[in-house]
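Notes follow once the structure below has been shown.
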Amino acid sequence: MISIRRLTCFDAPKIKKMISYLGNEEKLSRTITVDTFTVLHGILPLKYKFMPESFILLKDDEILGLITIVPTIGNPYKINITKLIFKQNMYDVGKQLVEFVIARYGAKGAVSFIVSIEQSHYELLELFMSGCGFRQCSYENLWKLDNFAPQNKAKAHFRHCQNSDAKYVARLYNAELKNLYRPSLERIKSEYTEPIFAGLANDYKNRYVLEEPEKEKIIAYLSITTNDNLNFIIDMSLNDAYNICYDEVINFALSEISSRKSNFCAFLKHRQYTKNADNFEKYLHERNLNCIQTQCVLVKDYYKQIKQSENALQIFQFGEFSSN
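Going by the working numbering, the first residue of the sequence shown is number 966, and it counts up by one from there.
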């Protein structure tokens, strides 16, 4: 008999055995074990959720697959699928787990589901796109700052981002998106507000903004994120109307990291769904940097079916026509 239920601490030994063949077994096992202690978090309404939640698919008490979701901080109605594990070639198990979380959290009010998959995983892309109805929204790349030698040694004058900046940072990010991707990828101001439970998140993030001196207008946003205090991801949003030097932004980010860590690896995030993506990529090539990861960003929007009124003559919904 097949069943899907929440992961518990009693499942940890079976999960460890299931992933024993993986090279990063220890780290993955540790993160999954932490997820087993979110039972109380599981009873919270969706609007209050902020921690990862994992579910397993079992057949005759044998674990065949696991899925982990993480609500977006500041917008829990946007769900990120961060782990999908299933026994070799059991893609139907993966499909059942994905459909389960979409149905479960969609019923609770979730409006979109997002997953990033390395472009070389063709079967997994097929599972999400053809099997589960996700659509591709461009790519995200990571470029390693290995032996980075900027031409401009100056540092931009960033300051720490405050909650009062959230509305303007969200506007900056959304204005940077190509129009085709805005409905699925735009962000709201609460996604840039520091939550009171930030210390419980898996990632540690420092956030900064750059202002135009005279007008006190935010023209750039910078985040530095790490989940292991060794590898740091630098992400930036820049106003196209201003000629902001990439070298200065990166120099500032590296100086902030080096003030806390003597040994680290830094990476630049390159989002191909932004208006300045081509210019940024040209800059990265000019600096002889290497792209070490390319991920496809997949999105599925979840909408509840509208109940039709008995007196309604016609209803238009998502381009389809129906009449009574």
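Each residue gets a CB set at the ideal place from its N, CA and C atoms; glycine is no exception.
Specify the secondary structure class of residue i as computed by DSSP and reduced to three states.
i: Glu1181; result: coil
i: Cys1126; result: coil
i: Gln1101; result: strand
i: His1006; result: helix
i: Ser968; result: strand
i: Ala977; result: helix
i: Phe1065; result: helix
i: Arg1152; result: coil
i: Phe1113; result: coil
i: Gly988; result: Reliability of the predicted coordinates at Gly988 is poor, the pLDDT of 49 falling under 50, and the value obtained from them is presented with this limitation in mind. Correct three-state label for Gly988: coil.
i: Leu1107; result: strand
i: Asn1054; result: coil
i: Gly1074; result: coil
i: Thr1158; result: coil
i: Lys1060; result: helix
i: Lys1012; result: helix
i: Lys1120; result: coil
i: Lys982; result: helix
Name the two residues that bound the continuous alpha helix (DSSP H) containing residue i.
i: Val1134; result: Ala1131 to Glu1141
i: Pro1091; result: Looking at the sequence itself, residue 1091 is Glu, so the reference to Pro does not match. That run of the alpha helix (DSSP H) goes Tyr1087 to Glu1091.
For the beta strand (DSSP E) containing residue i, list its first residue and its last residue.
i: Tyr1042; result: Asn1040 to Phe1051
i: Leu1029; result: Glu1027 to Thr1037
i: Leu1022; result: Glu1018 to Lys1024
i: Glu1083; result: Ser1077 to Glu1083
Per DSSP, what are the beta-bridge partners of residue i in this structure?
i: Val1264; result: Ile1079 and Arg1100
i: Tyr1186; result: Val1174 and Ser1202
i: Phe1197; result: Ala1231
i: Tyr1169; result: Thr1191
(request) Please determine if the stretch 1203–1220 and the stretch 1180–1188 are in contact, where contact requires at least 3 C-beta pairs separated by less than 8 Å. (result) yes
(request) Ignoring anything shorter than 4 residues or poking outside the stretch 1200–1258, list the alpha helix (DSSP H) runs there in chain order. (result) Within the stretch 1200–1258, the complete alpha helix (DSSP H) runs of at least 4 residues fall at 1211–1223 and 1242–1251.
(request) Please confirm if the stretch 1034–1043 is in contact with the stretch 1146–1160, defined as three or more CB-CB distances below 8 Å between the two stretches. (result) As far as the Cβ criterion goes, the stretch 1034–1043 touches the stretch 1146–1160, which means the pair count is three or higher.
(message) Tell me whether the stretch 1062–1075 and the stretch 1007–1021 touch, counting them as touching only if at least three CB pairs, one residue from each stretch, are closer than 8 Å.
(response) yes
(request) Examine the Cβ distances between the stretch 1131–1138 and the stretch 1225–1237 and report whether three or more of them are shorter than 8 Å. (result) no
(message) With a threshold of 8 Å, are at least 3 pairs of Cβ atoms found where one atom belongs to the stretch 1140–1148 and the other to the stretch 1088–1097?
(response) no
(request) Determine contact between the stretch 1112–1127 and the stretch 1171–1179, defined as no fewer than three beta-carbon pairs at a distance below 8 Å. (result) yes
(request) Would you check if the stretch 1236–1243 and the stretch 1216–1225 touch, i.e. whether three or more CB-CB distances between them fall below 8 Å? (result) no
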